[in-house]
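Number of protein chains: 4
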Amino acid sequence: MKKAAKAGGCAQSFEVESDSLTKVAVIGASGYVGEELVRLLLRHPRAELVAVTSRQFAGKTLAEIFPRFSQLQKTSRLRFSQPEPAQLAHRAKIIFLALPHGRAAEFAKPLLQGGARVIDLSADFRIEDAKIYKEFYGHDHPVPELLGKAVYGLPEIYRKKIADAKLVACPGCYPTSILLLLLPLIREQVVNLASILVTSLSGVTGAGRKVDADYLFAECNESMRPYGIPKHRHLSEIEEQLSIFAGEKVTIQFTPHLVPLNRGIITTIYVDLTERIDADSIDSIYKKAYRDEPFVRLLGDTLFPDTKNVAGTNFIDIALRLDPRTSRLILMSAIDNLVKGASGQAIQCFNVMRGYPETTGLL
Amino acid sequence: MKKAAKAGGCAQSFEVESDSLTKVAVIGASGYVGEELVRLLLRHPRAELVAVTSRQFAGKTLAEIFPRFSQLQKTSRLRFSQPEPAQLAHRAKIIFLALPHGRAAEFAKPLLQGGARVIDLSADFRIEDAKIYKEFYGHDHPVPELLGKAVYGLPEIYRKKIADAKLVACPGCYPTSILLLLLPLIREQVVNLASILVTSLSGVTGAGRKVDADYLFAECNESMRPYGIPKHRHLSEIEEQLSIFAGEKVTIQFTPHLVPLNRGIITTIYVDLTERIDADSIDSIYKKAYRDEPFVRLLGDTLFPDTKNVAGTNFIDIALRLDPRTSRLILMSAIDNLVKGASGQAIQCFNVMRGYPETTGLL
Amino acid sequence: MKKAAKAGGCAQSFEVESDSLTKVAVIGASGYVGEELVRLLLRHPRAELVAVTSRQFAGKTLAEIFPRFSQLQKTSRLRFSQPEPAQLAHRAKIIFLALPHGRAAEFAKPLLQGGARVIDLSADFRIEDAKIYKEFYGHDHPVPELLGKAVYGLPEIYRKKIADAKLVACPGCYPTSILLLLLPLIREQVVNLASILVTSLSGVTGAGRKVDADYLFAECNESMRPYGIPKHRHLSEIEEQLSIFAGEKVTIQFTPHLVPLNRGIITTIYVDLTERIDADSIDSIYKKAYRDEPFVRLLGDTLFPDTKNVAGTNFIDIALRLDPRTSRLILMSAIDNLVKGASGQAIQCFNVMRGYPETTGLL
Amino acid sequence: MKKAAKAGGCAQSFEVESDSLTKVAVIGASGYVGEELVRLLLRHPRAELVAVTSRQFAGKTLAEIFPRFSQLQKTSRLRFSQPEPAQLAHRAKIIFLALPHGRAAEFAKPLLQGGARVIDLSADFRIEDAKIYKEFYGHDHPVPELLGKAVYGLPEIYRKKIADAKLVACPGCYPTSILLLLLPLIREQVVNLASILVTSLSGVTGAGRKVDADYLFAECNESMRPYGIPKHRHLSEIEEQLSIFAGEKVTIQFTPHLVPLNRGIITTIYVDLTERIDADSIDSIYKKAYRDEPFVRLLGDTLFPDTKNVAGTNFIDIALRLDPRTSRLILMSAIDNLVKGASGQAIQCFNVMRGYPETTGLL
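Chains as they are written, first to last, in the numbering used here: chain A, 1263 to 1625; chain B, 1263 to 1625; chain C, 1263 to 1625; chain D, 1263 to 1625.
So this is what it looks like as structure tokens:
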């Protein structure tokens, strides 16, 4: 790999020796998150996608199921399969799980035992505390012994741990859009923790490729609606992460809304500050926190986040406003729920785990 | 009029004596609000639309400008005109102003002097206090002597005053969706006034038929964005109304968002209650407040407001949830910004002013 | 009934004697067509909706299933039921079938035997010829003896027959948008029959409330696609009707496309004329054909049909252009697939059957 | 450059010597086509974008005008400028013109004289015949001496000429979607030329970033409409190209429709074949024509083109159906109007002109 890096391996050059590529597999590639992951991996100059699995589509080629991938370089040989985990762990160095919540846990153990490193995009390993898992997901965790071993895959926060992790749990889309807004302030202890209120708006792919009347075109188009109040499952990971950084139990208010577009999340957060602090000082906190982050864009004083500026990208756009009328701070972010909120972030973790430049395959 | 009511005047019957109809006019009918107002008046069984004015379209027929109206009963004779206010006041008993903010004020005075009653859909007369007007609109009010005389056109709150009003100022779309959620609680004094936080989502017609790059299809489709932070103009009327009912100055947090659909507003409000109060008691407050209101629908414990259920109607759908985790109360509403948020509410005021059943022409 | 008509019964007056209303029922009211039918019947001043049936929703109120109907006049008492056909035929004078193709046929026979008149919105009775039915629908017709007794429910063409019909088969949405464009020319024998080419674009409700991955929001939004080529089922009724008026077997080209909006069909047809005929003569043919039609709007030389002008209405907007470069005639129409293309047309038929003014409840 | 090609220059490697990159400039980068061109050039591993010009935005950075580009590699130094053509020709080897029709012609001459090669995305040089230009564009061509020198930039057809061209005129979006469907058949002389009928559907970016009431969100959303009948300007280039390959003057029927999505064109064409020819033979014609084409995807017998499968890509998806009922052949294609229909195709031409692999920067 070292040698290959020197030679400048890249998407368009074919002379790269195959050992310079990392063999990867995607388990459960039939949903929107899995499809986006495959799209990004196919373009990734350092990844070689050796297997794509799906119970539903086993035997079909990628292009049959996702016509948008046909004739893309490398896709012709790819066919959905259904190999044993142990066998997969043998073939691929890093394995992505894009399975529904609950099913990922079953796969992780044999894959890890087989020697593979795992990047899980489900909610199964995002929570450290098995009690919280049970409270929010309604049943005991199937492999609690792995809970403490997973690293929460938010590279801006846990980069170092991710680099060495065997098991990475990629954050949910809402949590990504919320935590990157809140954590810099929490770390500086300038927020009244009880005051945190979060409103989020999500495009419809956020619900996954769920064949349910609620997500039919004519039920969503020209429709907007709050939902999941007051205890959306994502609260469990959001509050656990906030609590870790606050050093005390944090409980927040969170209201998601469904909005008629394909991709994107807008999050707007209101907080009371613990002390008089001016807008410049707040700006400094964010500038310091995200100065070297390739995917965090601070929009400054005049712009607002807009999902169309992040759609299809791994960026999170962030804006802040201190309201002189109420002294509250308003934090706003925009992400693409399928990229920075899921598959792009997984690739970013992959880059960190493999020591590649973090933007590889993502710009 | 009494006689007509007995005779059962209705949209489809032509034998109704013309004196049983109220002659009305619409000034400035070229925007979305004006167009919707014309649509509703054309269907209204007790209104006779005698004039529709527009500088831009003077001389053209309604059907040329709004092809959707062609061949509707009564529209064939209607042509956009540009009459003098005094002359209009002579021809129509009630005159609707659907003009941009700032221009309505000029028209109101001569119309009132001419003896007409005026229903203004702009922001010009929504605020009682000339200082607040100047603070939010940036210039002195052109006819401050009329400010105190206008009645705020929210029938659920000011029905009696509207009945006798000469000048009605219809609320803005955001204020309608917000005030009908908050006022019952404010009147009962169970809300911590400093805690009120409002997030609203609006469809694109909320911006009017403004020919601006920001509202082009490809700039709005697949886009969501917060805007107007922290001091949207609608705050002036919202806070003035809240203050009147609270008996003290109220300052709230308000964040509007632009969302890709034509019609609809979703408002989500968070409040702290002043005392321990259970969900049933809150429900009772709303049931009492809105028991006999024909256009307020309380959704109960399982449903959430959805703009598709109110689109094209004058309903406001309301849901409440008490969050046991944070003890905050979450209030949610859905309206059609062009109907209950503007033209439908204007018709509702018209019905009140004329003593017609309040739902006339609106169901 | 006669008496009631004199008295001027209308939506807003409650003193109308109940015998002046026609009792109606809707069987299978859970799809988009059924829902729209219920919406229109609830507003109809001469219809009393006595029953709404649904296997799926039996026992629930209308408002539980369609929250948009709650608090509408008259809906509170309505609950989905599942009565026997014979019993229904006893309670309602006219019964609408809004069932999937294939299931309507089973219901029609007992209803007719019970003395009710039936307006069927499915495809089951649209075709006279049992062989054509079999060819396009793949199985024998379940009640072939009724085939010849149904009247094709296109009032602009079959008004007189509809007035006395026991069984009316409402046309499909595509056929309505196509036949009203073609029939005037076919009757005048000025079209080269072999030259007829039809392209149609349909909104997504055209597919019904089918819970299928193809109709999920994210599969339709930002998507357009032709489908159903070359032998869409609607061809059977289109060609049968054209053949009847042409006096010979007509075969046309027809390509439907799915387009991301809720409601609306645009049809564009190309024909060669049999003789040199000027634009004025063609205009005259359409003016003569549709002069007194309340729901046909001829747009003239400058406008084009646009679905937004017909959405929610029973209008069909029609435009013609003679192309001097190719001598072909281009015919274009716009309808709302759920109104003029289904439920509105059914109401129009109902009005004809009951001798009410044809626009009753539809403007 | 030769040397660099060997070394394998790519987007992510920074050690590439700058002489291995081709210096390019974009004139008029403020519309949707210009923006997309900039997006693609920023990702292109062999292009160095040295200047981006705009009268409107001169002095601003790219990121200020297009926030979606901020923090992308290389954009920080880029600022909109307004240099003299001669000066630009000195700085950049290949210059893209993304100007409105009519303005591109003025720029081309001095740029060519200055030694640059020009890729024009406007309509100014697409037509060889000055008379046709005048007929369709309404005025004499400003630099008729250049007309015959431009190469029509459809690489699948004119690859060799493009390789050496000084001036390339990129086809319009409709023409691309139409010509790639028709030319294989025309070359084989199996089509009845008088029979060609084309229906196209376009997303709203096809109209450009035109600030006009017709393209406001609420005028396009939930709207579909035919337009530009019978003589859309794109007919001039379509018919000229068809005529060249047919060896005789070809006149076709063409109807464009505006449809509510951002990106995409669906084209459906009907043709009569000159002789009995079976489906397999037609397939063979297309397979032969496009066997080695990296951006043409033949969908086979079961799939239909769908804009969502080509959005954001340079692919054209093609499907064919022979209708046994009418013996007509139906040809269908899907492209992204901003990529294969404009900027992607311009990049493809650029790759051909520079001898790069044709997919460079486009997969």
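A virtual CB, placed ideally from N, CA and C, is assigned to each residue, including glycine.
Taken through DSSP and simplified to helix, strand or coil, C/Q1503 comes out as helix.
For chain D, the residues of the region 1492-1523 of chain C that bring a beta carbon within less than 8 Å of one of its beta carbons are P1492, K1493, T1513, I1514, Q1515, T1517, H1519, V1521, P1522 and L1523, in chain order. Exposure of C/A1320 is indicated by the presence of fewer than 16 other C-beta atoms within 10 angstroms of its C-beta. Setting aside the 5 residues that flank it on each side, D/K1550 has no residue in the same chain whose C-beta is closer than 6 Å to its C-beta. Along the region 1568-1599 of chain B, the positions whose C-beta sits under 9 Å from a C-beta of chain A are D1568, T1569, K1570, N1571, A1573, A1581, R1583, L1584, D1585, P1586, R1587, T1588, R1590, I1592, M1594 and A1596, read in chain order.
Around the beta carbon of A/G1410, fewer than 16 other beta carbons lie within 10 angstroms, which makes this residue exposed.
It is roughly 6 Å from the alpha-carbon of B/Q1344 to the alpha-carbon of B/S1316. For a Cβ distance threshold of 7 Å, residue set R1559 of chain D lies close to A/S1332, ordered along the chain.
Taking 8 Å as the cut-off, the beta carbon of B/S1485 is found closer than this to the beta carbon of A/T1569.
DSSP places C/T1284 within a strand segment (E or B) once states are collapsed to three. By the 16-neighbour rule on beta-carbons within 10 angstroms, C/K1602 is buried.
The continuous alpha helix (DSSP H) containing D/P1406 extends over residues P1406 to L1409. Closer than 8 Å to the CB of C/P1446 there is not a single CB belonging to chain B. Taken in chain order, the complete beta strand (DSSP E) segments of 3 or more residues contained in the region 1406-1459 of chain A are 1429-1431. Here A/A1287 really is in contact with A/A1354; their C-beta atoms are around 4 Å apart, less than 8 Å. Contact annotation: C/S1595 and C/L1374 have beta-carbon atoms that are not nearer than 8 Å. With its beta carbon less than 8 Å from one in chain D, A/P1329 belongs to the interface. Within the region 1341-1414 of chain A, the complete alpha helix (DSSP H) runs of at least 4 residues fall at 1347-1353, 1365-1375, 1392-1399 and 1406-1409. Per DSSP, B/P1586 has no beta-bridge partner at all. Boundaries of the alpha helix (DSSP H) around C/I1544: A1541 to Y1552. Taking the C-beta atoms as reference points, B/Q1318 is found no nearer than 8 Å to A/T1588. Burial is judged here by how many other beta carbons sit within 10 angstroms of a residue's own beta carbon; D/R1339 has fewer than 16 and is exposed.
Closest by C-alpha distance to A/D1585, out of A/R1495, A/Y1532, A/V1473 and A/A1351, is A/Y1532. For B/S1462, the pairing in a beta bridge is given by DSSP as B/P1518 and B/T1529.
Approximately 19 Å separates the beta-carbon atoms of D/A1385 and D/G1465; this is outside 8 Å, ruling out the contact. When C/T1564, C/L1304, C/E1501 and C/V1405 are compared, the shortest CA-CA separation from C/T1622 is found for C/L1304. Contact annotation for D/L1478 against chain A: no contact, minimum CB-CB distance about 16 Å [criterion: below 9 Å]. Neighbours of C/V1295 across chain A, judged by C-beta separation under 8 Å, do not exist; the nearest C-beta is about 12 Å away.
Beta-bridge analysis with DSSP links D/T1315 to D/I1289 and D/S1343. Within chain D, the residues A1475, L1478, A1480 and E1481 have their CB atoms less than 9 Å from the CB of B/R1471, given in chain order. Shown here, A/D1476 sits in a helix according to DSSP, grouped into three states. Annotation: Cβ neighbours of D/L1565 in chain A (cutoff 7 Å, chain order): P1329. Relative to the Cα of C/R1449, the nearest Cα in the group C/L1535, C/L1459 and C/A1367 belongs to C/L1535. Interface residue (Cβ-Cβ distance to chain C less than 8 Å): B/L1383 is not classified as such.
With a 10 Å radius around the Cβ and a threshold of 16 neighbouring Cβ atoms, A/A1348 comes out exposed. Contact between the region 1548-1566 of chain B and the region 1494-1504 of chain B is not established, with fewer than three Cβ pairs separated by less than 8 Å.
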